[in-house]
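Before any comments, here is the structure.
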Amino acid sequence: MSFDVKLINAVKMVHSICDQFVQTNYSTKSTQELIEAAEAHVRCYYLANYLGDVEAAGDLEVPETDQAKLTVALSIGLNRPFRKARGLDHLWVALRLQPLIQERLAQEESFKPQWTTCHYRILHLWQDLLTDIDVGIYKQLVDLMENVENTPELALMMFYTNMMLLRFKEAREILDSTVEEVKLKQELTGIMGVRTRYQQKATSQLVLLASNGRSELPNSNDDECNHLPSNISIDDDTVLEEMKSQDGEEVNTSPLHSDQLACILALALINKKTQAPTIEQLEIMNAYCSAVIGRQRNWAIQVRAYIERSMSQSQNSRRIFRTIVQMEHIVKMLDSIDDQTPREAKRHRLPYAMATGTLAWWKVKALHGKLLESVGNTNEALGIYESLEDYEKIISCYKSLNKIENAERLIRTLLEAEEDPILYTHLGDITDNAEYYEKAIKISNDRCAKARKSFGMQQLLRKNYAEAAEHFRRCVEIQPIQVGVWYNLGYTYYQMEEYAEAAPAFSRCTQFEPDHFHAWNNLACCYTNLKEKERAMLVYSEAVRCDSTHDEVWANLAAAAIEIGAVEKALKAIDMVIDLRSMRGKEVLYDEVAALKCLASLILAEPGKFTRQKEDFQMLLGKLTSKQTSAAQVWRVYAEIKKPEEECTDSADWDAYIQKLQRCSSAEMNAPSNLAMTDSCYYTLV
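Structure (structure tokens):
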């Protein structure tokens, strides 16, 4: 029996069992009861997988079917759900209730708002369960979000939906609006303080100052404030648990409402997702997390803050012990291990859970494994990945341990039980044998995006760019929402100098990830090669907005700006190049003399138009020559821009001009290659 036929038969069987269950148990229920039933099944699934109430999976009756068939039924092609999720049958029942509810709503429209919110939650959880973003679910979620009730909690949930779907612009708009609605006042600032026990002198410390802009204060006796997760201590003789301010005042103690704390967390997460992971950004994340953790209010918010703090401090040697223990504590809570919290109290974890993007237990476990890998504990990480059946990470661990043959043996054993295109793809990754990718493509009827992606990467590494482009192109046809594949597709076309093909691929990449520096930079290079200078300048501007630390990109921006006569942008870009290269100790700070000459020509051609820019250019050249004194051609440009008008009678201006010419001549005469270059000697004497 072919792979496709097996899938179809399994799906039909589960559909039949579930539809019969729905017909038997719910066909006579009212519309209100049907929606409440769907909500109840979603709640059971959510409590069991996201909030540590493992027993919730058995709270409601569900049809009798095995986990493997449910996994197939919840798959969309080869886009599969996490197979070991608890209570998958609850999510499946909620999905199968949809046709019955939709039919009823045709006559009872008053229930549409309630069902829209419920349906939206179901689809959000289904998408979160799947390996890849599904285009069909994507479109449904986007449509539903337009009609979901507008409350701060639901707005924040939509923020996380948009983040999951890589719609960062829409996520930012929702968050900005919600921050304003909940009246959260917040500001990143520096205060004088210390972070170690023996630090004598206070230094500036980054903190988030947040306050409540509402008239009413939050109630500290709410149920959501009880049974909160433990904050593991650093347990270090030197480092303080939290920054201590110079005046002794505690920073993160003013009471905030749960929706305000959720907004702080959301601000931290969108900043993390849309900014390059620099040391500064890690400090910003720590400031946001401290602002949330210090207020100890809501279980879901606290857990997510602990997770984000752990990941941001994973490279800090003095905090790594706390980081790993904290993650282990959260993993145990989500597995209901050593957690004495009563089941009734676990239900109080529901408020703002979906509004904080609470992570499912298997995702938290994977992060725990990642932390263990980062400190060299690969064997323990491997055990976690094996329990999750995460074969990509299992293969990676075996490679780190120089035991790749173990990974191959594991995949071959699994293939003996059943042919599977994903497993064949993994085998191709292990052996670097293209035959296994071809086999995966064949048995899936060319519907395995993963096989095409891996095949493309293999050909890319072998510099077979045409073949790689073919595989990447087919991959995004099967699964369009893949940032990395769009980037690789653009890169392969760029290497073949097919810039007109590369540009749309890089552009698509930036649509999904607006702060993808390398995509913006490469897109700008495409436009430069296509002679679209104005577009190139605009795109280079986006690249440096994402990451302003690359001097070569600033230099390219300067060149593009000069070519279209954007003097102001060119001056700023050159100034950044000088600063960045000076900071890194480079001897040559800016040697694009042709660009400087062109810029001087632009300014001198219209002195009335560029009066202020001329002054700025003089200051910039002064800055450059003070740090790069031997650049003769730069001195000549400096002299040109300082040259007074013919009718000028101010001797000081002429002295300054002559001084620059003398420095130019001196630099030329002292050049090591001067005696061997007739042209240079002639130019100096002139």
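For the sequence shown, UniProt numbering begins at 1 and goes up steadily by one.
In this text, a Cβ means the ideal position worked out from N, Cα and C, and glycines have one as well.
Keep in mind the model is a prediction, meaning the values are calculated, not measured.
Just verifying my parser: in three-state terms, what is the DSSP assignment at S220?
Of the three classes helix, strand and coil, the one that applies to S220 here is coil, per DSSP.
Across the region 264-281 and the region 218-236, are there enough close Cβ pairs to call them in contact, namely three or more that are closer than 8 Å?
They do not touch, by the three-pair rule.
Does the pairing of the region 559-575 with the region 593-612 give three or more beta-carbon distances under 8 Å?
Yes, the region 559-575 is in contact with the region 593-612.
Should A300 and A355 be called a contact, given that it needs their Cβ atoms to be closer than 9 Å?
In this structure, A355 lies closer than 9 Å to A300 by Cβ.
From S204 to I191, what distance separates their C-alpha atoms?
Going by the C-alpha atoms only, they are around 5 Å apart.
Closest by C-alpha distance to P63, when choosing among S16, Y138, D176, Y499:
Each of S16, Y138, D176, Y499 was checked against the Cα of P63, and the nearest Cα belongs to S16.
Secondary structure of V375, DSSP reduced to three states:
Three-state DSSP puts V375 in coil, outside helix and strand.
Taking C-alpha atoms, which residue in M13, S666, L51 lies nearest to K345?
Note that residue 345 is Ala in the sequence shown, not Lys. Taking each of M13, S666, L51 in turn and checking the Cα distance to A345, the smallest one comes out for L51.
Would you call G622 buried or exposed, if buried means 16 or more other Cβ atoms sit within 10 Å of its Cβ?
So G622 ends up on the exposed side.
Between the Cα of N9 and those of Y46, N49, L70, T24, spot the shortest distance and give me the residue it belongs to.
Comparing alpha carbon positions, the residue from Y46, N49, L70, T24 closest to N9 is L70.
What residue ranges within the region 70-101 form continuous alpha helix (DSSP H) runs of no fewer than 4 residues, ordered along the chain?
Qualifying alpha helix (DSSP H) stretches, in chain order: 88-96.
Is M619 helix, strand or coil when you go by DSSP?
Three-state DSSP puts M619 in a helix.
Chain-order list of residues whose beta-carbon lies under 7 Å from that of P152 (same chain, five-residue window excluded)
T178, E181, V182, D259, listed in sequence order.
Where L685 falls: helix, strand or coil (DSSP):
The predicted position of L685 is uncertain, since its pLDDT is 49 and thus under 50; a value taken from the coordinates is nonetheless stated next. Note: L685 maps to helix in three-state DSSP.
Nearest neighbour of R508, chosen from R343, I562, Q482 [CA to CA]:
Closest option to R508, judged by alpha-carbon separation, among R343, I562, Q482: Q482.
Closest to A366 by CA distance: which of K533, G58, F82 is it?
Looking from the CA of A366, the closest CA among K533, G58, F82 belongs to F82.
Name, in chain order, the residues that DSSP records as bridge partners for M192.
Paired residue(s): S204.
Please work out which residues of its chain come closer than 8 Å, Cβ to Cβ, to C448, disregarding the five sequence neighbours upstream and downstream, and give them in chain order.
Only L78, P421, I422, T425, A440, I441, I478 meet the Cβ criterion.
Looking at V42 and L88, is the spacing between their C-beta atoms short of 9 Å?
With a cutoff of 9 Å on beta-carbon distance, L88 and V42 are scored as not near each other.
At 4 residues or longer, what runs of the alpha helix (DSSP H) sit wholly inside the region 525-579?
For the region 525-579, whole alpha helix (DSSP H) runs of length 4 or above, ordered along the chain, are 533-546, 551-563.
Is any non-hydrogen atom of the ligand NAD found closer than 8 Å to the C-beta of Y491, if you look at the structure I gave you?
The ligand NAD is not part of this structure, which contains no ligands at all.
Going by DSSP, what residue range makes up the alpha helix (DSSP H) through E467?
For E467, the enclosing alpha helix (DSSP H) has its first and last residue at 465-478.
What number of angstroms, rounded off, separates the C-alpha of K463 from the C-alpha of K453?
Looking at the two C-alpha atoms, the distance is approximately 15 Å.
Could you please give me the residues that DSSP links to K244 through a beta bridge?
Under DSSP, K244 shares a beta bridge with V194.
Of the choices G490, V251, D236, whose alpha-carbon is the least far from that of M243?
Cα-wise, what sits closest to M243 is V251.
Residues in its own chain within less than 7 Å of Y527 by CB, not counting five upstream and five downstream?
Only A503, R535, A536, V539 meet the Cβ criterion.
State the beta-bridge partners of K144 as determined by DSSP.
The sequence as given places Leu at residue 144; Lys does not occur at that position. Paired residue(s): none; L144 is not in a bridge.
What does the Cβ neighbour count give for S75, buried or exposed, with the cut at 16 atoms within 10 Å?
Its Cβ being crowded by 16 or more others within 10 Å, S75 is buried.
First and last residue of the uninterrupted alpha helix (DSSP H) at E435
For E435, the enclosing alpha helix (DSSP H) stretches over residues 434-443.
Is it the case that the Cβ atoms of A468 and G490 are separated by a distance below 9 Å?
No, Cβ-Cβ distance for A468 and G490 is not below 9 Å.
Residues in its own chain within less than 7 Å of V485 by CB, not counting five upstream and five downstream?
For V485, where only same-chain residues beyond five positions count, the Cβ hits under 7 Å are K453, F472, C475, V476.
Can you give me the C-alpha to C-alpha distance between residue 688 and A500, rounded to a whole angstrom?
Because the chain in this structure spans residues 1 to 686, residue 688 falls outside the shown range and cannot be described.
So what does N162 bridge to, in DSSP terms?
BP columns for N162 are empty, so no partner.
Quick check: the region 91-105 against the region 27-47, are there 3 or more CB pairs under 8 Å?
With the cut-off at 8 Å, the region 91-105 and the region 27-47 touch.
Using a Cβ-Cβ distance cut-off of 9 Å, determine whether S233 contacts chain D.
Of the protein chains in the structure, only one exists, and it is not chain D.
Name, in chain order, the residues that DSSP records as bridge partners for Q230.
Per the sequence shown, the amino acid found at residue 230 is Ser instead of Gln. DSSP, once it has assigned bridges, lists no residue as partnering S230.
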